[in-house]
Each structure stands twice: as C-alpha cells, then as structure tokens.
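Structure record follows, encoded as structure tokens.
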Amino acid sequence: MRKIIFILFGVVLLSGCVSNPVNQLTSTLGIDSAEAYRVSLPYSMNDQAWNTNDLIRPYMRKRKPAQSGFINDIRNIKFVDRWLDRDSNKSKAIFAIDPQSCKDSSRYASWNFRTDLAAITRAKDGCDKTAQKINEQLGKACKCRLVALNDTFFYNANTYKQHTGSFPWVMEVVESDQTIKISGMVSLVGDKQERFNLVNDSGRNVCSGRFDFNKGGSKGDISLSCFDGKINGDGEVLRAEYNKDLRMYSGTALIKTQKGEMRVVYGPNALKIK
Numbered sequence: 000m001r002k003i004i005f006i007l008f009g010v011v012l013l014s015g016c017v018s019n020p021v022n023q024l025t026s027t028l029g030i031d032s033a034e035a036y037r038v039s040l041p042y043s044m045n046d047q048a049w050n051t052n053d054l055i056r057p058y059m060r061k062r063k064p065a066q067s068g069f070i071n072d073i074r075n076i077k078f079v080d081r082w083l084d085r086d087s088n089k090s091k092a093i094f095a096i097d098p099q100s101c102k103d104s105s106r107y108a109s110w111n112f113r114t115d116l117a118a119i120t121r122a123k124d125g126c127d128k129t130a131q132k133i134n135e136q137l138g139k140a141c142k143c144r145l146v147a148l149n150d151t152f153f154y155n156a157n158t159y160k161q162h163t164g165s166f167p168w169v170m171e172v173v174e175s176d177q178t179i180k181i182s183g184m185v186s187l188v189g190d191k192q193e194r195f196n197l198v199n200d201s202g203r204n205v206c207s208g209r210f211d212f213n214k215g216g217s218k219g220d221i222s223l224s225c226f227d228g229k230i231n232g233d234g235e236v237l238r239a240e241y242n243k244d245l246r247m248y249s250g251t252a253l254i255k256t257q258k259g260e261m262r263v264v265y266g267p268n269a270l271k272i273k
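In numbering that gives the first Met the number 0, the protein residues as written are 0 to 273.
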C-alpha cells in the first residue's frame, strides 16, 4: 500500500513539472530569448565612446524583438551573420561610416568584451582609422556611428551592407580635335551598384552611366552620357589594383563616342593625375 501511494505522489509531482513550460519560466525571470532586437535612434551616435555608452542606454531599454523578415535580411549579410552568432554573454558592437557625413562605406565589429564601453571603444577605433584614411586620401569628412550593440540593431538592413560609395574619377574627352578634361567624384546609385553619377570638382552633375563587371570580374562593360546627352558612348572598363586601406579599386576605361573617345582613370590612382 505504501508503494502505491509513493508512485501516485511521484506521478503528480512530475505532472506538475511538465505543466510549467520553460518559456513561462524565462518570461518570469525576464531572460531575453529573441534572436535579435531593434530600436530606432533620433540621431547618430558618433560621439566619444564613453559618451555614446551613456547615451545609448535609455534606448536599449526600449528595444523590441526584431521581426523575422529583418532577421532574414541581416542573416544574409555574412559580416553581420557571423557577428550575431558571437557569444551573447559578452559585449559586442558594430560601428559604420555615417552616410550623413559621406557616401563611403566601412564597418568594424568587436566582440568578446567584458563591458559595453570596451566593445564600443574597440569598434569605434577600428572604424575611425578607416574613415581617417579615406578623409586624408580623398579629402572627405567621414565619421563613424554606432549601428549595433549586443544583438540590438538601430537601422534598417541596408545599413549593414558594404558598398564602395564614391571614388575619384578623371576623364579626358577627345572629340573633333578638342580635348576636355573632367575630374570629380563618382557616386554609385542603387543597391546593385551598377548605375553611377559623375559630379565634377565644381559640384555639378555632368555625367551619368552604368557599368557591368560580369559578377565580380576584372573586365566589364560601361556606358556613359555627359552634358545632357551631348556626348555619350559605350566601352570597356578594367579593374587594375585594390587599395586595402580605402577598400576600393583603381582602374581605367575607354569609351567610344560618335566623334572620338573618352579615356578614364578612376579610384585612388586618379588622385595622382594632375
């Protein structure tokens, strides 16, 4: 009789454990279980690391679980995907160039730090070094801002993608025995980075074009239209060398027009032409 009572008591006890699922326990304890979180910022967090660490705290308390569509988008970015899978018990951060300061793109991630301040400091320093090189060599004013901290993202998914941004461009237009030299900056347009605009040193948009590098090859096709379509043509564009500091290629292009040709040097090498 005692054995029967003991067995019944054990069944009741185990049944009580099953009826109290883990998700209820984590909710009671306030344990975060989402894969990623989101919260919007009213301004760019691009101040000193210690100040950013203080300013970001009120917004971190307002974060909400990210929707599945956003998580899928950032998971498709390898740089972010690897960072997101880093140890969630340690502090980590991502800084990227602020598009409000310049059109270039650079990201730097930190992880495995004991404090948020340490993670913020490391990521900011790494991003700032690249921004400084861009500013010195291309005459820009790029700044870095905090874009993610401890699995919390502050901007839309496109913010975390790497792109070339803008780069120097020098071109000679030879038509009817006349030569015109145009120098300026090329800005890429659109997510696929195929279309671009050329803004000369005076700030005027003088050309627009499109190129295709055949899935990342060193040789591609280019089309260019300048001065409201008065000079246009198609040709070949080449990638010559890669600048690791600026994370961009230098190259050349030769474009045939109706009455002549356009010879182009682009990228950091264009800065060497006087």
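C-beta: ideal position from N, C-alpha, C; glycine also.
| Check | Outcome |
| --- | --- |
| Per-residue DSSP class, three states only, for valine 38 | coil |
| CA-to-CA distance, asparagine 196 to valine 185, given in whole angstroms | 6 Å |
| Straight-line gap, lysine 139 to threonine 158 (C-alpha atoms, nearest Å) | 20 Å |
| Asparagine 231 versus lysine 180 - alpha carbon distance | 15 Å |
| Span separating the alpha-carbon of asparagine 71 from that of valine 38 | 17 Å |
| Proximal residues to threonine 120 (C-beta, below 6 Å), its chain only, five neighbours per side dropped | Ala48 |
| The region 107-127 touching the region 83-94, judged by at least three CB pairs closer than 8 Å | yes |
| Anticipated Cβ contact below 8 Å, tyrosine 42 with arginine 62, distance rounded | Contact flag wrong, Cβ pair sits at about 17 Å. |
| Expected contact under 8 Å - CB spacing of valine 264 and isoleucine 272 to nearest Å | 6 Å |
| Coil, strand or helix - glutamate 193 by DSSP | coil |
| Start-to-end residues for the alpha helix (DSSP H) that takes in methionine 59 | 48-59 |
| Backbone secondary structure at aspartate 80 - three-state DSSP | helix |
| Buried versus exposed call for aspartate 97 [16 or more other C-beta atoms within 10 Å across all chains shown] | buried |
| Complete alpha helix (DSSP H) runs within the region 90-174 (minimum length 4 residues, chain order) | 115-137 |
| Isoleucine 179 (DSSP reduced to helix, strand or coil) | strand |
| Local conformation of serine 224 per DSSP, three classes | strand |
| Per-residue burial, asparagine 50 [other beta carbons within 10 Å of its own, 16 or more giving buried] | exposed |
| CB of alanine 33 within 9 Å of CB of aspartate 115, strictly | no |
| Cα-Cα separation, aspartate 176 to cysteine 141 | 40 Å |
| For phenylalanine 69, the three-state DSSP class (helix, strand or coil) | helix |
| Distance CB(leucine 270)-CB(alanine 252) smaller than 9 Å | no |
| For arginine 85, the three-state DSSP class (helix, strand or coil) | coil |
| Lysine 132 versus Gln99, Ser104, Glu171 and Asp227, residue with shortest Cα-Cα distance | Ser104 |
| Spatially closest choice to tyrosine 58 from Gly68, Leu40 and Ser67, by CA coordinates | Leu40 |
| Backbone secondary structure at aspartate 245 - three-state DSSP | For the sequence presented, residue 245 should be read as leucine rather than aspartate. Coil at leucine 245, not helix or strand. |
| Residue burial classification, cysteine 101 (beta-carbon count within 10 angstroms, cutoff 16) | buried |
| Residue closest to arginine 144, alpha-carbon to alpha-carbon, out of Glu135, Cys126 and Gln136 | Cys126 |
| Residue closest to aspartate 244, alpha-carbon to alpha-carbon, out of Ser224, Leu137 and Thr256 | Leu137 |
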